[in-house]
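K.L.:
For the record, the sequence lines run as chains A and B.
The first sequence begins at 3 in our numbering and counts up by one.
The second sequence begins at 3 in our numbering and counts up by one.
Protein chains: 2
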Amino acid sequence: MATTKKTRGRSTASQKTTTRAKKMVYFFGGSRTEGKASQKTLLGGKGANLADMTSIGLPVPAGFTITTDTCAAYYDIGGRFPGGLSDQIRKNIRKLEMETGKKFGSTTDPLLVSVRSGAAVSMPGMMDTVLNLGLNDKSVVGLAELTGNERFAWDAYRRLINMYGDVVMGVDHHHFEAAFDRIKKGLGVTEDTDVPAEGLRELCQAYKAVYRQHVGAAFPTDPYKQLELAVEAVFRSWNSDRANSYRRINEISGLNGTAVNVQAMVFGNMGEDSGTGVAFTRDPSTGKNVFYGEFLINAQGEDVVAGIRTPEPLAAMSRWNARVAKELGRIRIKLEKHYKDMQDIEFTIERGTLYMLQTRNGKRTGAASVKMAVDMVKEKLIDRKTALKRIPANDLTQLLLPSFQGKSKAAAETIAKGLPASPGAASGGLAFTAEEAVERALAGEQVLLVRKETSPEDVDGMHSAAGILTSTGGMTSHAAVVARGWGKCCVAGAGDISIDAAKGRITVGGKTYGRKSVLSIDGSTGEVMVGEIERVIPSKVSGDLATVLKWADGVARMGVRTNADTPQDAKRAREFGAIGIGLCRTEHMFFEGDRIKAMREMILAGTMVNREKALKKLLPYQRKDFAGIFTAMKGLPVTVRLLDPPLHEFLPHEADSQKAMAKDLGVPLSEVRRRVSMLHEMNPMLGHRGCRLAITYPEIAKMQARAITEATIQCLKKGIKAMPEIMVPLIGTRRELEILRELILETIAVVKKEKKYSGKLSIPVGTMIEIPRAALTAGDIAEVADFFSFGTNDLTQMAFGYSRDDAGVFLPEYVSREILEKDPFQAIDVTGVGRLVEIACQEGRMTKPKLKLGICGEHGGEPSSIAFCEQVGLDYVSCSPFRVPVARLAAAQAVL
Amino acid sequence: MATTKKTRGRSTASQKTTTRAKKMVYFFGGSRTEGKASQKTLLGGKGANLADMTSIGLPVPAGFTITTDTCAAYYDIGGRFPGGLSDQIRKNIRKLEMETGKKFGSTTDPLLVSVRSGAAVSMPGMMDTVLNLGLNDKSVVGLAELTGNERFAWDAYRRLINMYGDVVMGVDHHHFEAAFDRIKKGLGVTEDTDVPAEGLRELCQAYKAVYRQHVGAAFPTDPYKQLELAVEAVFRSWNSDRANSYRRINEISGLNGTAVNVQAMVFGNMGEDSGTGVAFTRDPSTGKNVFYGEFLINAQGEDVVAGIRTPEPLAAMSRWNARVAKELGRIRIKLEKHYKDMQDIEFTIERGTLYMLQTRNGKRTGAASVKMAVDMVKEKLIDRKTALKRIPANDLTQLLLPSFQGKSKAAAETIAKGLPASPGAASGGLAFTAEEAVERALAGEQVLLVRKETSPEDVDGMHSAAGILTSTGGMTSHAAVVARGWGKCCVAGAGDISIDAAKGRITVGGKTYGRKSVLSIDGSTGEVMVGEIERVIPSKVSGDLATVLKWADGVARMGVRTNADTPQDAKRAREFGAIGIGLCRTEHMFFEGDRIKAMREMILAGTMVNREKALKKLLPYQRKDFAGIFTAMKGLPVTVRLLDPPLHEFLPHEADSQKAMAKDLGVPLSEVRRRVSMLHEMNPMLGHRGCRLAITYPEIAKMQARAITEATIQCLKKGIKAMPEIMVPLIGTRRELEILRELILETIAVVKKEKKYSGKLSIPVGTMIEIPRAALTAGDIAEVADFFSFGTNDLTQMAFGYSRDDAGVFLPEYVSREILEKDPFQAIDVTGVGRLVEIACQEGRMTKPKLKLGICGEHGGEPSSIAFCEQVGLDYVSCSPFRVPVARLAAAQAVL
């Protein structure tokens with residue numbers, strides 16, 4: 003089906019490409035660059051970027067890009083090269099030869115190229131890179147002579163045959179590996195790097211045999227043939243299953259095809275005057291405006307990333323080659339001026355000449371993100387709106403990350419120091435494989451994943467772990483980059499630690515620590531310490547973050563409230579910038595000390611009179627709770643939700659506790675048991691709870707309304723501007739709300755009279771919209787509601803028919819198999835649940851144009867859901883205190 | 003709020019009424035009748051009917067109607083009589099005097115009248131009747147002289163004072179009663195009828211004292227004053243709380259007000275030449291075309307109803323007064339000709355003169371309804387369409403279920419009353435567990451399964467039992483729903499019964515009944531009786547019912563399918579006229595004998611291979627089941643739903659059964675327990691079931707698809723035209739259906755190849771729409787569905803957030819307090835759930851205009867829901883076999 007669609011989408015392009023000999027190839031290089039940054043659609047992201055870097059005068063190895071239209075044409079004519087493409091490729095290879103002074107297929111100074119795919123949208127699933135293309139049995143000899151490095155030349159050649167066979171021809175990689183293993187065994191060595199030139203030459207023969215055996219033809223010696231087959235492989239990879247499914251899942255459509263980038267090779271491993279490195283134009287960890295990176299002498303790019311050798315910091319470069327170091331410094335400035343953002347660059351020095359291989363916006367920690375945004379505004383590089391848009395709202399949680407408590411930390415023994423790869427503080431037992439980390443974390447344990455280095459296969463374990471500790475690898479190693487992306491604590495390259503994963507232990511400073519040892523790592527300093535250390539959690543928003551959030555508040559239309567049930571939470575949320583409480587749950591208030599006793603008395607009471615007696619005992623507690631919260635919120639509105647959970651949640655279910663309760667309340671055990679069994683429900687989520695309790699036991703709602711009103715009057719008399727709003731949960735019909743609204747308003751009036759309070763007392767009464775039927779009949783319900791607050795947790799449960807308590811059995815599989823795009827409890831399901839919200843907003847406001855609308859489900863703190871809330875016109879979102887800063891920024895971004 | 007609306011609605015009427023002296027009073031009587039049947043809006047239902055009866059020449063006591071507009075005008079000018087009203091009333095009283103020859107307030111031959119309210123729509127909550135108005139201390143004497151019956155006169159007077167005080171002035175009735183009691187005590191009598199004229203005269207004095215005391219004024223002696231106050235009381239009753247809330251709940255709006263009917267009194271208790279009676283123009287029980295009724299000589303209407311004296315059958319009337327009897331016979335014919343329906347009449351003979359007091363369409367049994375409809379078509383009184391519209395579809399069930407023989411039942415002792423959960427009648431010994439019921443039933447005994455409540459584990463026992471009796475649970479409990487589905491008799495929630503299953507006995511009303519006691523339950527009334535009672539077994543669909551249903555099929559657009567899981571059910575439904583199976587559940591098929599063992603093996607299997615092994619054992623059973631059903635349906639379509647319930651429903655939950663299972667399967671008990679506990683769910687309704695099972699265990703769906711396909715091919719090879727349709731339950735996302743559809747189609751193709759079947763094999767694959775999100779995204783889902791079938795049971799549970807198993811605690815209260823108009827599990831909630839259905843229909847058909855749409859929830863057999871299905875354009879409804887005739891008729895009515 004996907005194929006049909008694509009063909010349809012491409013038909014116009016095909017007509018163009020076939021009727022006239024179109025320009026299919028765009029050159030980039032010192033002499034002339036034909037493409038530009040804006041031509042992403044035609045040249046793909048990578049092609050446009052290469053052209054752009056070249057244009058601004060960066061020393062980029064020359065090359066050319068075959069357009070995405072050409073890929074489309076390839077498919078339109080049934081999978082053949084369009085007429086003229088071979089010619090245009092040859093013409094551009096000749097240009098490239100002119101530019102580099104080398105010759106394609108030459109036996110003396112061969113031009114080698116890389117071939118890469120690159121669509122307009124970055125898209126895993128398409129072809130990987132083929133390097134060193136252009137080598138064959140003859141030119142490899144030339145390369146060896148030219149570089150005076152036979153080993154290098156044969157190494158390059160064997161890499162080509164391997165990559166080409168694997169990537170272009172689909173020969174399974176392990177066939178090549180087996181051949182390599184045989185040779186290493188014959189030589190009596192274990193490391194690739196220990197194989198001498200002779201061995202590599204032999205390996206090339208063996209690889210060619212593997213190639214012939216599995217491809218059914220000899221490895222092509224004609225470099226043009228190599229190139230054309232590689233280009234075709236890129237074209238074909240556009241329509242691979244993986245690429246198609248990636249596009250379907252990510253709803254990518256309307257693209258022509260992929261471009262193909264052919265670029266001259268440069269080598270950082272040509273000797274001691276060569277090298278390679280990666281760098282960030284600012285510190286990606288702190289955001290400081292310093293040049294930050296590392297390089298390796300006589301090495302290739304992948305060596306830096308793989309973390310096999312420990313690289314040197316960029317600062318050390320001028321000692322090695324001052325000219326190159328200076329040039330790199332100039333390029334850094336140029337890049338930031340041009341891209342107006344921090345860049346992540348890759349470079350190679352081939353025999354003293356600097357080449358830029360890549361530049362892209364750099365990943366960064368939340369803290370760095372904020373600091374850079376604020377700094378760049380100060381530097382007038384960007385404006386405030388750009389700054390706001392650029393900070394990933396979710397990353398702000400990292401700024402609110404825990405750190406070790408000073409004294410406790412000072413008292414702890416430090417056993418090693420690694421690189422401060424990703425800030426934060428974590429303690430835990432040691433897990434040595436990703437699987438182990440996942441398992442133990444699922445079992446509820448805090449673990450640190452300890453690895454020599456990490457690879458993409460480890461991401462699950464990394465995610466499960468409280469922190470990550472590696473013994474090799476630098477600040478840009480896999481572990482460091484991934485951990486920073488998540489805001490997870492990581493110490494990398496702690497070289498003193500020797501890891502024995504098989505035995506499940508590490509050795510450092512002569513001591514051994516096993517699975518059950520607990521260590522602590524400080525991702526901001528790189529320290530590794532013994533034992534668990536107390537952590538502190540920040541409680542305020544200050545510095546650059548405060549600046550950013552102030553800007554955000556200036557832009558946002560929606561307000562941000564918080565979900566808080568205690569004065570402490572309320573205070574914290576206010577300090578994080580919440581402008582009110584959007585959800586104050588009252589059920590937690592019934593559990594402490596004597597309260598639960600009175601609550602249980604109430605539940606056991608057989609008559610309304612006895613229930614009222616028990617409720618009378620609860621009243622003073624509730625009143626005090628509310629007064630405390632109103633006081634903490636200093637005049638900001640507080641939405642109090644009436645009792646929501648089913649009554650059985652307040653009764654003990656185990657025999658011993660039931661006995662204790664019976665004794666405590668002086669009732670027979672049988673009576674307790676009887677009540678517990680009577681209250682048992684098959685599906686408590688869909689049972690007797692929420693407003694249904696208030697309808698059948700109006701005295702409960704009455705007591706709560708009384709407590710709220712009494713607390714309000716008490717505060718107001720003290721000069722504290724209490725602003726309660728009463729919210730009725732689980733409304734499914736207009737009549738329920740009507741009955742309860744009347745009861746609440748009556749109670750307020752009675753209390754006002756009793757307390758002889760003559761001032762104005764306006765307590766709005768509204769409802770949660772958390773039942774599908776409530777959303778579908780919101781127009782009616784709005785007639786008797788002062789506000790709606792969307793309870794998207796329950797709404798999601800009921801709209802999907804998923805119980806949060808039970809969906810764990812299939813939901814992760816649903817997400818991983820992409821049956822669901824995202825976990826609908828994390829990000830709101832716009833299509834289904836969102837549609838209910840939209841209906842309720844529109845029809846509620848049709849009835850009452852000024853109806854106040856908010857959200858208090860967990861989605862209220864999730865950026866993509868917040869964007870949805872903005873779109874449907876909510877007045878505020880409400881989230882947990884720690885997510886308030888995230889929500890403030892996300893609310894601004896939703897407007898921008 | 004309600005008041006404001008009404009005022010707004012009435013403003014135009016008020017302008018009219020106040021600008022010119024409008025006609026406010028319409029006379030009816032032998033001399034002249036001003037109103038007519040079509041003027042319901044103006045004269046109210048009762049007024050129009052009185053005018054109509056008079057017009058066709060019936061001997062109706064004369065009178066007049068004050069219009070509803072007048073009531074509106076009364077309110078518009080602030081609660082005063084509009085100008086001219088008093089005059090018009092007086093003018094009409096004079097006409098009435100002319101007509102009757104009596105005089106209002108006369109001391110010799112006083113005219114007495116009744117005053118009644120009557121809006122355009124029948125509306126309880128407004129004023130009751132005031133009789134004998136016009137009497138006072140003087141005219142009562144005249145009446146006594148005129149009738150020569152002093153006791154009659156004083157009795158009429160005391161009734162007036164009592165009714166007038168109560169109804170017009172709001173004096174509590176018990177004040178009058180207390181006065182009466184004192185007098186009776188003084189006379190030493192207990193019955194009202196034993197009080198002589200003297201005592202009644204004294205009573206009138208006492209009543210007037212009561213009146214004065216509570217009203218603060220004397221009882222009005224001016225008959226015009228009496229009348230005007232009574233008219234005003236009727237006007238005021240229009241705006242009483244009771245009337246307002248009745249209108250709000252029943253969504254009655256747009257009415258002006260109530261009319262007031264003033265009518266001359268006639269008396270059946272004026273002596274042996276007077277009498278009163280009620281009659282039906284045909285037998286309301288059998289429908290036979292015979293005059294059917296009873297009368298009492300020298301009595302008032304209420305005496306017949308109260309049953310104090312035994313009335314005589316109508317047949318005896320000619321012996322008493324042949325002339326009157328003949329006249330009544332003529333009137334009977336006239337009425338049926340005029341109203342074209344069976345009439346329920348009230349009449350009074352005052353001193354030999356016959357008066358008709360009321361005629362209305364008579365209530366009747368289902369059987370009578372059918373017979374009358376067919377007869378009246380034959381008699382050319384009505385056409386077929388009218389006949390179809392007139393039969394209450396639900397009443398047809400009465401024609402199909404067994405019931406207790408009337409006399410035998412009357413003789414039996416009733417010991418408890420529960421809810422009439424599933425109609426029918428059953429007797430049997432008491433079985434206290436499902437196993438016991440199965441065993442004893444197998445041994446040939448008739449048993450009633452007696453449980454506190456039932457669960458899916460009990461279905462075998464429920465199926466085996468003759469009837470089901472539960473002590474908790476409502477009309478929508480598991481027991482009730484399952485029993486109704488099967489047409490099996492069930493009494494639910496008989497709370498007076500205390501069950502001791504361990505001891506095998508129940509206690510009720512201080513008596514104990516054990517395993518060997520035989521009880522009888524009446525599922526149509528909820529009665530529980532002692533002993534076996536003779537039953538009357540229903541006739542099949544034949545005779546008049548068959549005629550009616552044939553007519554219905556000719557009119558209906560929608561088809562009627564059935565929900566059936568066995569060949570027996572399938573056959574029965576086909577005999578009741580089902581044109582296919584709309585829901586064939588497959589889970590029941592896994593419970594019998596060896597199947598449950600294989601099913602449990604499958605559930606316990608840790609690997610897919612072992613699951614497949616166990617499923618292989620189930621395959622032949624399933625294939626046989628399907629082949630049986632396809633054969634029974636003789637070429638009609640059969641929609642098979644894949645496995646739906648969560649797996650834990652197939653495992654035992656009690657220790658003993660678990661032990662037995664462990665032994666049976668040869669696995670450790672701990673393993674059984676572990677699996678049971680792993681499968682436990684907090685909210686199974688929202689858990690791992692339906693298509694979610696098929697997604698995680700595709701092998702189950704594969705086995706079922708294979709069984710269906712193999713059974714189909716097997717049938718086709720035998721020349722039986724099998725027409726299966728495969729239905730996937732609980733779809734919430736398009737992708738789920740896409741994956742499973744692919745799996746099913748693949749399996750079909752594989753089986754077709756294996757069986758070397760070369761014929762056409764078209765098995766549509768569709769989905770239930772039973773999750774709100776599925777309805778909301780139906781446009782997407784339709785792309786991969788051949789049909790939709792609405793599972794409105796689950797859709798209602800999720801749209802409302804009600805668990806059927808648990809809602810019994812609040813749902814009955816919700817219905818009785820009119821928070822919900824109807825139990826949404828019985829009649830579809832058009833506003834909420836219906837909206838989801840409508841969205842799904844519209845958007846599904848937008849994607850696929852020919853998409854087949856059906857319903858298979860219990861609503862598929864409920865007439866008001868069927869009307870909704872017609873409206874949204876479904877192709878068929880599917881219901882339990884016993885409701886097929888109901889649905890056929892309802893489907894026709896929906897068109898008409």
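Here a beta-carbon is modelled for each residue, glycine too, at the ideal position from N, C-alpha and C.
Small disclaimer: the values here were computed from a predicted structure and weren't measured.
Based on the DSSP secondary-structure assignment, which residues constitute the bridge partners of D502 (chain A)?
P.N.:
As a position in the first sequence, residue 502 (chain A) is number 500, starting the count at 1. D502 (chain A) pairs with A:R507.
K.L.:
Mind listing which residues of the segment 767-789 of chain A have their C-beta closer than 7 angstroms to chain B's C-betas, in chain order?
P.N.:
Listed by position along the chain: I773, P774, R775, L778, T779.
K.L.:
In whole angstroms, what is the alpha-carbon distance linking E296 (chain A) and S320 (chain A)?
P.N.:
Along the first sequence, read from residue 1 onward, the residue named residue 296 (chain A) stands at position 294. Along the first sequence, read from residue 1 onward, the residue named residue 320 (chain A) stands at position 318. Straight-line Cα distance between these residues: approximately 12 angstroms.
K.L.:
Going by other Cβ atoms of all chains shown within 10 Å of its Cβ, with 16 needed for buried, is G150 (chain A) buried or exposed?
P.N.:
Here residue 150 (chain A) refers to the residue found at position 148 of the first sequence. Result: exposed.
K.L.:
Report the three-state DSSP secondary structure of D305 (chain A) (helix, strand or coil).
P.N.:
The residue given as residue 305 (chain A) occupies position 303 in the first sequence. DSSP places D305 (chain A) in helix when its eight states are reduced to three.
K.L.:
Going by beta-carbon coordinates alone, are E872 (chain B) and M560 (chain B) separated by less than 9 angstroms?
P.N.:
Taking the first residue of the second sequence as position 1, residue 872 (chain B) is located at position 870. Taking the first residue of the second sequence as position 1, residue 560 (chain B) is located at position 558. The answer is yes: Cβ separation under 9 angstroms.
K.L.:
Buried or exposed: which applies to Q302 (chain A), given that a residue is buried once 16 or more other Cβ atoms fall within 10 Å of its Cβ?
P.N.:
Within the first sequence, residue 302 (chain A) is the residue found at index 300, counting from 1. Counting Cβ neighbours within 10 Å, Q302 (chain A) comes out buried, since at least 16 surround it.
K.L.:
What separation, rounded to the nearest whole angstrom, lies between the Cα atoms of N246 (chain A) and P458 (chain A)?
P.N.:
Mapped onto the first sequence, residue 246 (chain A) falls at position 244. Mapped onto the first sequence, residue 458 (chain A) falls at position 456. The alpha-carbon atoms of N246 (chain A) and P458 (chain A) are separated by roughly 22 angstroms.
K.L.:
Name, going along the chain, the residues of the segment 794-808 of chain B whose beta-carbon falls closer than 7 angstroms to a beta-carbon of chain A.
P.N.:
Correct list: Q799, M800, A801, F802, G803, Y804, S805, D807, D808.
K.L.:
State the DSSP-derived secondary structure class of Y759 (chain B), mapped to helix, strand or coil.
P.N.:
Position 757 of the second sequence holds residue 759 (chain B). Three-state DSSP puts Y759 (chain B) in coil, outside helix and strand.
K.L.:
Give the residues of chain C in contact with P686 (chain A), contact being defined as C-beta atoms less than 9 angstroms apart.
P.N.:
The structure shown contains no chain C; the protein chains it does contain are A and B.
K.L.:
I need the DSSP call for Y294 (chain A), collapsed to helix, strand or coil.
P.N.:
Taking the first sequence and counting its residues from 1, the one referred to as residue 294 (chain A) is at position 292. Strand, per DSSP.
K.L.:
Would you say the segment 438-450 of chain B touches the segment 377-396 of chain B, given that touching needs at least three Cβ pairs under 8 angstroms?
P.N.:
Contact between the segment 438-450 of chain B and the segment 377-396 of chain B is absent, because fewer than three Cβ pairs lie under 8 angstroms.
K.L.:
Once the 5 residues before and after V532 (chain A) are set aside, which same chain residues still bring their CB inside 7 angstroms of it?
P.N.:
The residue given as residue 532 (chain A) occupies position 530 in the first sequence. Closer than 7 angstroms at the Cβ level, and outside the excluded window around V532 (chain A), lie A414, E415, I417, L521.
K.L.:
Let's test the definition: count the other Cβ atoms within 10 Å of the Cβ of S541 (chain B) and tell me whether it reaches 16, buried, or not, exposed.
P.N.:
Residue mapping note: residue 541 (chain B) aligns to position 539 of the second sequence, counting from 1. Here the model assigns S541 (chain B) a pLDDT of 47, short of 50, so the residue's position is not dependable and the matter cannot be decided.
K.L.:
Using a Cβ-Cβ cutoff of less than 7 angstroms, which residues in the same chain neighbour S424 (chain B) once the five nearest sequence positions on both sides are dropped?
P.N.:
In the second sequence, residue 424 (chain B) corresponds to position 422, counting from 1. Cβ within range, chain order: A482, A485, R486, K490, C491, C492, G525.
K.L.:
Under DSSP, the beta strand (DSSP E) around T70 (chain A) begins and ends at which residues?
P.N.:
Translated into the one-based positions of the first sequence, residue 70 (chain A) becomes position 68. Counting along the chain, T70 (chain A) falls outside any beta strand (DSSP E), though it belongs to the alpha helix (DSSP H) covering 70-78.
K.L.:
Since M344 (chain A) and R362 (chain A) are thought to touch, with beta carbons under 8 angstroms apart, how far apart are those beta carbons, to the nearest angstrom?
P.N.:
Numbered from its first residue, the first sequence carries residue 344 (chain A) at position 342. Numbered from its first residue, the first sequence carries residue 362 (chain A) at position 360. Actually they do not touch by this definition, with Cβ atoms about 10 angstroms apart.
K.L.:
Could you name each continuous beta strand (DSSP E) segment of 3 residues or more that falls completely within the segment 382-444 of chain B, going from the start of the chain to the end?
P.N.:
Listed in chain order, the complete beta strand (DSSP E) runs (minimum 3 residues) inside the segment 382-444 of chain B are 416-419, 421-424, 427-433.
K.L.:
Which residue comes first and which comes last in the beta strand (DSSP E) that contains D346 (chain A)?
P.N.:
As a working mapping, residue 346 (chain A) is identified with position 344 in the first sequence. It spans 345-352 - the beta strand (DSSP E) in which D346 (chain A) sits, taken as one unbroken run.
K.L.:
Excluding the 5 residues flanking V886 (chain A) on each side, which residues of the same chain have their C-beta closer than 6 angstroms to its C-beta?
P.N.:
If you number the first sequence from 1, residue 886 (chain A) lands on position 884. Answer for V886 (chain A): V562, T564, A575, F578, G579, A580, listed in chain order.
K.L.:
Can a CB atom of chain A be found closer than 9 angstroms to the CB of H690 (chain B)?
P.N.:
The count along the second sequence starts at 1 and reaches residue 690 (chain B) at position 688. At least one chain A Cβ lies under 9 angstroms of H690 (chain B).
K.L.:
Could you check if S544 (chain B) is buried or exposed, using at least 16 other CB atoms within 10 Å of its CB as the buried criterion?
P.N.:
Counted from its first residue, the second sequence places residue 544 (chain B) at position 542. Classification for S544 (chain B): exposed.
K.L.:
Which runs of the beta strand (DSSP E) at least 3 residues long sit entirely within the segment 595-679 of chain A? Give them in chain order.
P.N.:
Counting only runs of 3 or more, we get 639-643.
K.L.:
When you compare each of B:V642, B:H176, B:F406, B:V674 to G608 (chain B) by their alpha carbons, which one comes out closest?
P.N.:
In the second sequence, residue 608 (chain B) corresponds to position 606, counting from 1. Looking at the Cα atoms, B:V674 is the closest of the given residues.
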